[in-house]
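Accompanying notes for the structure given below.
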Amino acid sequence: SRIVMSAHAINQGKFPDTSNGKKTDFFFMEQEDPAKVAAEIVNLVRNRLPTAYQQPVNQIQVLTPMQRGVVGAANLNLELQKALNPSTIGLNREGYAFHEGDRVMQLRNNYDKDVFNGDLGYVEAVDTEARTLLVNFEERLVEYEISELDELTLAYATTIHKSQGSEYPIVVMPVLMSHYVMLQRNLIYTGITRAKKICILIGTKKALAFAIRNMSVLKRNTLLKERRQPGASSIYACCES
Numbered sequence: 484s485r486i487v488m489s490a491h492a493i494n495q496g497k498f499p500d501t502s503n504g505k506k507t508d509f510f511f512m513e514q515e516d517p518a519k520v521a522a523e524i525v526n527l528v529r530n531r532l533p534t535a536y537q538q539p540v541n542q543i544q545v546l547t548p549m550q551r552g553v554v555g556a557a558n559l560n561l562e563l564q565k566a567l568n569p570s571t572i573g574l575n576r577e578g579y580a581f582h583e584g585d586r587v588m589q590l591r592n593n594y595d596k597d598v599f600n601g602d603l604g605y606v607e608a609v610d611t612e613a614r615t616l617l618v619n620f621e622e623r624l625v626e627y628e629i630s631e632l633d634e635l636t637l638a639y640a641t642t643i644h645k646s647q648g649s650e651y652p653i654v655v656m657p658v659l660m661s662h663y664v665m666l667q668r669n670l671i672y673t674g675i676t677r678a679k680k681i682c683i684l685i686g687t688k689k690a691l692a693f694a695i696r697n698m699s700v701l702k703r704n705t706l707l708k709e710r711r712q713p714g715a716s717s718i719y720a721c722c723e724s
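Count the sequence shown with this note's numbering and you get residues 484 to 724, in order.
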């Protein structure tokens, strides 16, 4: 599997093979304009991938390094909702309109409802008069009042961080310098390894190379541990000079 090989290469600090071929399961699409990347992600999810792989849209997950920006999760969710599930009937909360059929994610643990941070579901029904939503979490129906909708977000796209511990048949992931503050080796590795069958990166090789070189989280954690140890300050000063 090229997904596995690419993930191993990245984990070792090496640039993966990005030569696309008919039989590969790992693709790299070059595009540096964030607006064009966002448009291509919508095209991939709505048209190209369901046609090419005979997979329903709900088998495709968009993962992105950040919430903000043109290719951040917030904007991609709005664009994907517009393309995949347009509707004038919904409940508005926290900048989103939730429509019947929308893919949604629970944002925090709710023990009363027995739903937990990261759980994925689909809006089964919208009652605009009672101002409630019914969400289907793997065949279990959970009702939300409008005051509780801040516990939900659209989940056509989500951050790589939120995807930890999950797997998806097809993953589409933007990799652009506009997200440079979050471009880190471990994050890209996590994103790629969420894909079971197909992984598509779309962005620039410069951004991917930057991420592979950037181990700042690992370095920062190591330095914090060192600083807690006796004589750590002198070790740190020596290494920094």
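Every residue gets a Cβ at the ideal spot worked out from N, C-alpha and C, and that includes glycine.
Determine the direct distance from the alpha carbon of residue j to that of residue i, and round the result to whole angstroms.
| i | j | result |
| --- | --- | --- |
| A490 | A694 | 13 Å |
| I629 | V587 | 15 Å |
| R703 | N669 | With a pLDDT of 48 at R703, under the threshold of 50, the modelled position of that residue is not reliable, and the figure given next carries that caveat. In a straight line, the C-alpha of R703 is about 13 Å away from that of N669. |
| A638 | G604 | 9 Å |
| R614 | L574 | 7 Å |
| E650 | D602 | 12 Å |
| Y594 | M549 | 28 Å |
| L532 | I543 | 8 Å |
| F509 | S502 | 9 Å |
| E723 | M698 | Here E723 scores only 31 on pLDDT, less than 50, and its place in the model should not be relied on; the value that follows carries that caveat. Whole-angstrom Cα-Cα distance: 16 Å. |
| E622 | L567 | 22 Å |
| V625 | Q495 | 43 Å |
| K596 | F620 | 11 Å |
| A580 | E634 | 14 Å |
For residue i, count neighbouring Cβ atoms within 10 angstroms of its own Cβ and tell me buried if that reaches 16, exposed if not.
| i | result |
| --- | --- |
| T611 | exposed |
| L632 | buried |
| S484 | exposed |
| R444 | Since the displayed the chain opens at 484 and closes at 724, residue 444 lies outside it and no answer follows. |
| K505 | exposed |
| I685 | buried |
| I572 | exposed |
| P539 | exposed |
| S661 | buried |
| T534 | exposed |
| P517 | buried |
| R576 | buried |
| A608 | exposed |
| F511 | buried |
| V655 | buried |
| G674 | buried |
Could you tell me the boundaries of the alpha helix (DSSP H) in which residue i lies?
| i | result |
| --- | --- |
| M488 | 485 to 494 |
| G648 | Here G648 belongs to no alpha helix (DSSP H), and DSSP marks it neither H nor E. |
| L659 | Element bounds for L659: n/a, residue is neither H nor E. |
| T673 | 668 to 675 |
From what residue to what residue does the beta strand (DSSP E) around residue i run?
| i | result |
| --- | --- |
| A692 | Unbroken run through A692 is the alpha helix (DSSP H), 688 to 696; no beta strand (DSSP E). |
| F498 | First-last for F498: undefined, no H or E at that position. |
| L637 | 635 to 637 |
| L624 | 623 to 628 |
| N619 | 615 to 620 |
| G749 | Any property of residue 749 remains undetermined from this structure, which presents the chain solely from 484 to 724. |
| A642 | Just to set this straight, residue 642 is Thr in the shown sequence, not Ala. Segment 640 to 642, the beta strand (DSSP E) holding T642. |
Cβ of residue i within 8 Å of Cβ of residue j?
| i | j | result |
| --- | --- | --- |
| T547 | A640 | yes |
| I524 | P657 | yes |
| A522 | V554 | no |
| T687 | E515 | yes |
| F498 | A692 | yes |
| K493 | Y672 | Reading the sequence as shown, one finds Ile at residue 493 and not Lys. It is a contact, given that the beta carbons lie within the stated cut-off. |
| T636 | L666 | no |
| H644 | V606 | no |
| L561 | V545 | no |
| I683 | L527 | yes |
Please confirm whether residue i has its beta-carbon closer than 8 Å to some beta-carbon of chain D.
| i | result |
| --- | --- |
| G555 | The structure shown contains no chain D; it holds only a single protein chain. |
Inset, instruction - Only counting runs of 3 or more residues, tell me where the beta strand (DSSP E) segments fall wholly within the stretch 514 to 588, in order along the chain. - result: The stretch 514 to 588 contains, as complete beta strand (DSSP E) runs of 3+ residues, the segments 543 to 547, 574 to 576, 579 to 581 (chain order).
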